[in-house]
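Novice: Pasting a structure below so you can have a look.
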Amino acid sequence: MQKNVTNFSRFSSALILAGLLSTPFTAVSQDSSRDRTYEEQQAHDRAKAAQDAKDKRHHTTAKIVGGSAAGGAVLGGVMGGGKGAVLGAGAGAGGGYIADKIRKKKGTEKREKEYKQTDPR
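When the letters of the sequence shown are read in order and numbered with mature numbering (1 follows the signal peptide of the UniProt record, and there is no 0), they come out as residues -27 to -1, 1 to 94.
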């Protein structure tokens, strides 16, 4: 029974590490094929500034990355002890960072759409 738990811990740690190492390749890529008009660029800049200001006020990025790292550490600690906790914290922090980037992008797109609709021009 102990051997099965050890093998499962090693397998799960390797799976978490593989996921962590592969996320930069599967993360959100930049859309460089689209050129924006002047008005679209202004709406984007305004939306990005508003999103960044809100996030800075509420320390959102730190909360998301820290919470994900803590959750990953707990899960890794349960599955693999101390070493698993370290790997889980790294995987959780990486996943939280990517989730935060996606959240920011979607928030900016939402604000940008609102600014385009309310633009009096």
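Think of the CB as a built atom: it goes at the ideal place given N, C-alpha and C, for glycine as much as any other residue.
Which residues in the same chain have their Cβ closer than 6 angstroms to the Cβ of A16, if we skip the five residues on either side of it in sequence?
Specialist: Excluding sequence neighbours, A16 sits near E85, Y88 and K89.
Novice: With a threshold of 6 angstroms on Cβ separation, who are the neighbours of G69 within its own chain once the five nearest residues in sequence on each side are excluded?
Specialist: Hits under 6 angstroms: I37, V38 and S41.
Novice: Taking the alpha-carbon of T34 as reference, which of A72, G(-9) and T81 has the nearest alpha-carbon?
Specialist: Nearest C-alpha to T34: A72.
Novice: Would you kindly work out how many angstroms separate the C-alpha atoms of L(-7) and L(-13), rounded to a whole number?
Specialist: Approximately 10 angstroms between the Cα atoms of the pair.
Novice: Once you ignore the five residues that flank R(-18) on each side, which residues in its own chain have a CB closer than 7 angstroms to its CB?
Specialist: Taken in chain order, the list of residues that qualify is empty.
Novice: In whole angstroms, what is the alpha-carbon distance linking F14 and A(-10)?
Specialist: According to the sequence as given, residue 14 is Gln; it is not Phe. Cα to Cα, Q14 sits roughly 38 angstroms from A(-10).
Novice: If we ignore side chains and look at the alpha-carbon of each, how far apart do T(-22) and M52 end up?
Specialist: Answer to the nearest angstrom: the Cα atoms are 9 angstroms apart.
Novice: Helix, strand or coil: which one does DSSP assign to T10?
Specialist: Looking at T10 - three-state DSSP - the assignment turns out to be coil, as it is neither helix nor strand.
Novice: Mapping DSSP to helix, strand and coil, what is H31?
Specialist: DSSP places H31 in helix when its eight states are reduced to three.
Novice: Would you check if the distance between the CB atom of K77 and the CB atom of Q24 is smaller than 8 angstroms?
Specialist: Yes. Within cutoff.
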